[in-house]
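Chains as they are written, first to last, in my numbering: chain A, 1 to 90; chain B, 1 to 425.
Virtual Cβ for every residue (Gly too), placed ideally from N, Cα, C.
Model, not experiment: these values are computed from the prediction.
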Ligand SMILES: Cc1cc2nc3c(=O)[nH]c(=O)nc-3n(C[C@H](O)[C@H](O)[C@H](O)COP(=O)(O)OP(=O)(O)OC[C@H]3O[C@@H](n4cnc5c(N)ncnc54)[C@H](O)[C@@H]3O)c2cc1C
């Protein structure tokens with residue numbers, strides 16, 4: 001995941017759940033297990049990711065595994081970006 | 001009555017097994033077509049029954065039958081929608097009671113929460129007041145002639161009585177009378193048959209304020225663990241938990257202990273509302289409630305409502321199917337009686353296919369909700385809002401389905417389902 005994406009995803013996460021403390025979230029923080037993202041916040045997060053990063057997340061990808069932590073969300077975003085604007089690898 | 005000058009003495013063209021919603025709605029719609037049925041109910045009404053939250057479409061059918069003022073007079077709580085609480089008890093999503101106007105626009109409407117003892121008695125009495133006859137008795141067996149059903153044998157206080165008829169309607173609910181008789185296909189297990197519902201009524205539960213006081217609340221804990229909160233009067237609330245049967249049996253608790261325990265730990269938002277409750281009814285259970293019956297229509301017979309299928313109570317579709325199928329069955333019966341085709345091989349084939357189709361759409365929605373809760377919320381709130389609302393507004397039949405949303409659900413469900421026969425279009 002690119003650093004730019006990492007920051008955009010963190011921003012989107014904090015907009016979806018304003019109670020998130022961004023200074024305490026690292027790549028592998030278990031977002032679902034720690035109650036930092038629930039199902040409705042995931043719906044909001046998807047909207048945020050789509051509008052800020054230009055990705056299109058299909059329903060088939062709206063699975064808990066893809067929202068476990070920032071790394072998983074980053075991989076999801078990478079898969080769902082239009083191919084011609086794929087981000088550079090970290 | 002349609003059949004007056006026939007040689008056989010059929011005092012009633014139509015005999016109905018049962019006196020619940022499927023039976024009474026069928027009777028009320030038949031009466032609108034000028035057909036006066038005989039209903040056979042074994043219980044003395046009023047009697048307790050679960051299934052208290054009505055969908056918007058049932059509200060529409062009750063209005064269509066001219067019953068709105070009576071329901072208002074009984075002060076059944078008015079339901080504007082359902083609030084579903086996520087597992088943390090903080091986040092919620094709201095499903096308003098909606099209907100489609102003739103121009104296709106979705107508009108808010110209301111329906112009722114009903115005390116089924118009173119509601120079922122009211123419907124049955126209304127059917128009688130409009131011209132139906134009720135016999136108290138236990139449907140025992142069917143009369144047959146040349147492979148066709150042509151009547152019902154009933155155990156009454158006076159002994160066994162026979163009621164010949166041209167068409168027998170099975171509205172016996174979970175008892176699946178015709179399946180037990182071997183007239184239809186056998187009762188087959190449904191996807192939720194390992195679930196158990198444990199429920200009672202309480203006073204002192206905290207409702208939402210104002211207009212929202214009558215709404216249904218659903219509390220989600222985890223896959224297949226959930227609870228309902230249905231206001232039934234100013235003071236009483238129906239409370240139930242639904243969990244896998246194994247979870248209940250492994251707890252080692254009595255039903256009473258289990259219910260109280262789950263109400264304390266299922267969802268924090270539920271617990272907060274139940275701090276000062278008192279139980280006003282015994283704790284009851286429902287298990288093995290998920291099943292279906294194939295070939296549920298044929299020469300001289302037709303099943304309506306729970307007598308052929310019930311999936312799961314999560315979205316309160318039980319009485320909806322009873323009412324809607326009753327309306328469709330009554331229209332089909334009118335035509336079959338008028339054409340004299342009741343002894344043909346498949347007089348109700350179209351009705352049967354339409355019922356299966358609608359029930360399958362809702363089964364898909366329920367399965368999808370449990371298998372893909374995140375994608376379900378995504379669809380309900382973002383990608384397919386109108387189409388999901390349509391399902392809840394009762395647009396589940398071939399004129400409107402399968403929508404793109406339902407097709408997507410089926411595609412995703414195909415990955416996790418063991419192969420099933422395709423629903424009949
Ligand atoms: C836990 C649970 C919760 C539910 N919650 C809801 C809800 O919130 N909303 C909703 O819409 N639905 C709900 N349902 C479903 C709802 O209860 C049923 O779908 C509905 O009652 C079906 O109506 P019916 O007329 O087909 O059957 P029933 O209401 O069961 O009526 C059948 C009648 O037939 C009579 N009968 C049976 N056998 C015979 C016989 N041999 N002779 C004479 N009479 C006979 C019975 O005495 C009964 O009165 C729930 C179901 C369960 C299990």
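Report task. Below 6 angstroms CB to CB, which residues in the same chain sit around residue 78(B) once its five sequence neighbours on both sides are set aside? Result -> Excluding sequence neighbours, residue 78(B) sits near 110 and 214.
Query raised in the report: For residue 97(B), which three-state DSSP category applies?
Result: Coil at residue 97(B), not helix or strand.
Report task. Count the other C-beta atoms from every protein chain shown that fall within 10 angstroms of the C-beta of residue 338(B), then say buried if there are 16 or more, exposed otherwise. Result -> So residue 338(B) ends up on the exposed side.
Requested in this report: For residue 415(B), count neighbouring Cβ atoms within 10 angstroms of its own Cβ and tell me buried if that reaches 16, exposed if not.
Outcome: So residue 415(B) counts as exposed.
Requested in this report: Report, in whole angstroms, the separation of the C-beta atoms of residue 83(B) and residue 270(B), which I expect to be a contact under 8 angstroms.
Outcome: Residue 270(B) and residue 83(B) do not touch by the CB rule: their CB atoms are close to 11 angstroms apart, not below 8 angstroms.
Query raised in the report: Going by alpha carbons, who is nearest to residue 59(A) out of 76(A), 69(A), 68(A) and 51(A)?
Result: Comparing alpha carbon positions, the residue from 76(A), 69(A), 68(A) and 51(A) closest to residue 59(A) is 76(A).
**Report entry** Selection from 148(B), 137(B) and 165(B) that minimises the alpha carbon distance to residue 157(B)
**Finding:** Residue nearest to residue 157(B) within the set 148(B), 137(B) and 165(B) is 137(B) (criterion: CA-CA distance).
Query raised in the report: With burial defined as no fewer than 16 other Cβ atoms inside 10 Å of the residue's Cβ, what is the status of residue 18(A): buried or exposed?
Result: Under this definition residue 18(A) is an exposed residue.
Query raised in the report: Excluding sequence positions up to five away, which residues of its chain have a Cβ less than 7 angstroms from the Cβ of residue 5(B)?
Result: In this prediction, residue 5(B) has a pLDDT of 34, which is less than 50 and means its spatial position is unreliable; what the coordinates show is noted afterwards. For residue 5(B), where only same-chain residues beyond five positions count, there are no Cβ hits under 7 angstroms.
Report task. With 8 angstroms as the threshold, decide whether the Cβ of residue 39(A) is near any Cβ in chain B. Result -> At least one chain B Cβ lies under 8 angstroms of residue 39(A).
Query - Secondary structure of residue 278(B), DSSP reduced to three states - result: Note: residue 278(B) maps to strand in three-state DSSP.
Requested in this report: Consider the Cβ of residue 64(A): report whether some Cβ of chain B lies at a distance smaller than 8 angstroms.
Outcome: Yes, residue 64(A) lies at the interface with chain B (some Cβ there is under 8 angstroms from its Cβ).
Query raised in the report: Can you tell which of 18(B), 28(B), 14(B) and 193(B) has the C-alpha that lies nearest to the C-alpha of residue 175(B)?
Result: Closest in alpha carbon position to residue 175(B), among 18(B), 28(B), 14(B) and 193(B), is 18(B).
Query raised in the report: Quick one: which chain A residues come within Cβ less than 7 angstroms of residue 215(B)?
Result: Correct list: empty, because the minimum Cβ distance to chain A is about 18 angstroms.
Report task. Taking 8 angstroms as the cut-off, decide whether the C-beta atoms of residue 243(B) and residue 195(B) are in contact. Result -> It is a contact, given that the beta carbons lie within the stated cut-off.
Query raised in the report: Roughly how many whole angstroms lie between the Cα atoms of residue 233(B) and residue 22(A)?
Result: Between residue 233(B) and residue 22(A), the C-alpha separation is close to 47 angstroms.
Report task. Spatial neighbours of residue 88(B) within its chain, please: CB distance less than 8 angstroms, with the 5 preceding and 5 following residues excluded, ordered by chain position. Result -> Residues of the same chain with a CB within less than 8 angstroms of the CB of residue 88(B), apart from the 5 flanking positions on each side, are 268 in chain order.
Query raised in the report: If we call anything under 8 angstroms between Cβ atoms a contact, is residue 393(B) one with residue 56(B)?
Result: One thing to note: residue 393(B) has its Cβ within 8 angstroms of the Cβ of residue 56(B).
Query raised in the report: Once you ignore the five residues that flank residue 46(B) on each side, which residues in its own chain have a CB closer than 8 angstroms to its CB?
Result: Taken in chain order, the residues that qualify are 117, 118, 120 and 121.
**Report entry** the stretch 348 to 356 of chain B / the stretch 29 to 36 of chain B touching (three or more Cβ pairs under 8 angstroms)
**Finding:** With the rule of 3 Cβ pairs closer than 8 angstroms, the stretch 348 to 356 of chain B does not count as touching the stretch 29 to 36 of chain B.
Query raised in the report: Looking at the C-beta of residue 33(A), does it have a partner C-beta in chain D at a distance below 8 angstroms?
Result: In the structure shown, chain D cannot be found, because the protein chains are A and B.
Query raised in the report: How about residue 373(B): is its C-beta nearer than 8 angstroms to some C-beta of chain A?
Result: Among the residues facing chain A, residue 373(B) is included, as its CB has a counterpart in that chain under 8 angstroms away.
Query raised in the report: Is residue 168(B) helix, strand or coil when you go by DSSP?
Result: In the three-state DSSP reduction, residue 168(B) falls in the strand class (E or B).
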